[in-house]
Amino acid sequence: MVIYAVTIWRSGHLFYTRRSWFYAGILAVVLAQVFDMIVTMFFLANGPAPALFAIDMIAFVLSVILFEVVNIIRQLTVADWPRTTKFLTVCTGVFVVYWTAIMVSGLRSITNSAGPAGMAFDELQAWMAGFLFDAALNGGISLLFLVQLRVVSQGNAFRPGLRPYVLRAQVMLFVESGVLVTIVLMQGIDRTIDPLNLLGYLAQAIHISVYCELLHVLSRIMSRRNRDVSGGAVASGENVTRSRKKSHGASASTVDAPPSPQPLRPMRSGQT
60 MVIYAVTIWR SGHLFYTRRS WFYAGILAVV LAQVFDMIVT MFFLANGPAP
110 ALFAIDMIAF VLSVILFEVV NIIRQLTVAD WPRTTKFLTV CTGVFVVYWT
160 AIMVSGLRSI TNSAGPAGMA FDELQAWMAG FLFDAALNGG ISLLFLVQLR
210 VVSQGNAFRP GLRPYVLRAQ VMLFVESGVL VTIVLMQGID RTIDPLNLLG
260 YLAQAIHISV YCELLHVLSR IMSRRNRDVS GGAVASGENV TRSRKKSHGA
310 SASTVDAPPS PQPLRPMRSG QT
C-alpha cells in the first residue's frame, strides 16, 4: 500500500504538471490496480461474490489494456524507427485482443470461481502468458524509446551531465520488467508459493511505480535536452547578431571611403 500511495502521488503530480491525457491514463491504471488489490484481499477472500468479481475483473483487464495503449501512444509521437514502431503497434493490437478474450472467458466461468485461486489450470496459464506478454511488450516499447535517446545523445544533443539519467532509465527499465517476469514465472511453476497473490500485487506495485519514475526521468531528460538545444540556438543567434553589429560598425566607419561594391556582391548573393 505504501508503494501504491507513493505511485498515486507521483502519477497525480505528473498529470497535474503536464496536463496530458497520457498521464491521466497512467493515473487511471494505478487506481484500477489499487481497486483490484483491495477487492481481492478484503472482499473476495471472504467468500464467493460473482457480481463484485465480475466488476473487479473488468476493471483490472481494462487497466492492463489501457497501460499498453497509452504506452504505444507515447511511442507513436516519435517519428524515428517507423518500422519497429509499426511492429510494436501491431503487437499492441494483438495484446488487446488477447486480454479481451481472457476477460470474456473469465466472465463466462464466473459462477465456477470467485477469484484467481479458483481458476482452472488452462485459465491460469492463459493469465500467466498474458502477464509475460505484458512485460515483454512494455519492455520493448520502453527499450525502443531509450535507444532513440542514446542515438540522440551520440549526436552531442545532450550535455555530459544528462548521460547518467539515460543510464538510470535503462536500469529502471530492467527492474520494471524483470520483477514482473520473475514473480509470474514463480507463480506459474508453483502456485502454492503465493496462494493469496501477495507477491503478484507487490510485483505490480513495483512495476507501475518504477514506470512512473521512469517517465519522470525521461521527462527531465527531454526538458533539459530542449533547454540545451534552445540555449544553443539563442547563443548562435547572439553570435550572429554581434557579428552583424561589428560589420555594420566597420562599414559605418568607412562611409567616406571610395565605393567598392565588387567585394560585397558575393556576400549579398550568398545571403539570398
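Quick note: the sequence shown uses the working numbering, first residue 60, plus one each step. Ideal Cβ positions, reconstructed from N, Cα and C, are used throughout, including at glycine.
Exposed or buried, what is L226 when buried is set at 16 or more other beta-carbons lying within 10 Å of its beta-carbon?
exposed
Option in A185, V153, F146, T151 with minimal Cα separation from G165
A185
Assign T66 to one of two classes, buried (16 or more other C-beta atoms within 10 Å of its C-beta) or exposed (fewer than that).
buried
Thinking T148 and I131 are a contact (beta carbons under 8 Å), I'd like their distance in whole angstroms, please.
6 Å
For T241, which residues of its own chain have a beta-carbon under 8 Å away from its beta-carbon, when the five flanking residues on both sides are left out?
A262
The stretch 150-170 touching the stretch 104-114, judged by at least three CB pairs closer than 8 Å:
yes
Tell me, please, whether the stretch 243-253 touches the stretch 202-210 by the rule of three or more beta-carbon pairs shorter than 8 Å.
no
Within 10 Å of its beta-carbon, does Y63 have 16 or more other beta-carbons around it, so buried, or fewer, so exposed?
buried
Consult DSSP for M22 and reduce its assignment to one of helix, strand or coil.
Residue 22 falls outside the range modelled here, since the chain spans only 60 to 331, and no answer is possible.
Measuring alpha carbon to alpha carbon, tell me which residue in L73, M116, A104 is nearest L257.
A104
Work out the CA separation of I117 and A108 for me, nearest whole Å.
14 Å
I'd like to check one pair, V238 with I265: are the Cβ atoms closer than 8 Å?
yes
Extent of the continuous alpha helix (DSSP H) to which F154 belongs:
141-167
CA nearest to the CA of S236, picked from P254, L255, I267
I267
Out of L277, E127, Q134, which one is the CA nearest neighbour of T144?
Q134
Measure the alpha-carbon distance for G71 versus L121 and round it to whole angstroms.
19 Å
Rounding to the nearest angstrom, what Cα-Cα distance links M100 and V89 in this structure?
17 Å
Using the three-state DSSP reduction, which class does S122 fall into: helix, strand or coil?
helix
Identify every run of the alpha helix (DSSP H) within the stretch 221-291, keeping only runs that are complete inside it and at least 4 residues long; order them along the chain.
222-248
So is S18 buried or exposed if we call it buried at 16+ other beta carbons inside 10 Å?
Outside the displayed range of the chain (60 to 331) lies residue 18, so it cannot be described from this structure.
Can you tell me whether S79 is helix, strand or coil according to DSSP?
coil
I'd like to know whether the C-beta atoms of L255 and L73 end up nearer to each other than 8 Å.
no
Length of the line joining the Cα atoms of A173 and P223:
Residue placement at A173 is flagged as unreliable, the pLDDT there being 46, under the threshold of 50; the coordinate-derived value follows with that caveat. Going from the Cα of A173 to the Cα of P223 covers about 47 Å.
C-alpha gap between Y260 and C271, whole angstroms:
16 Å
Could you tell me if I200 is buried or exposed, where buried requires 16 or more neighbouring beta carbons within 10 angstroms of its beta carbon?
buried
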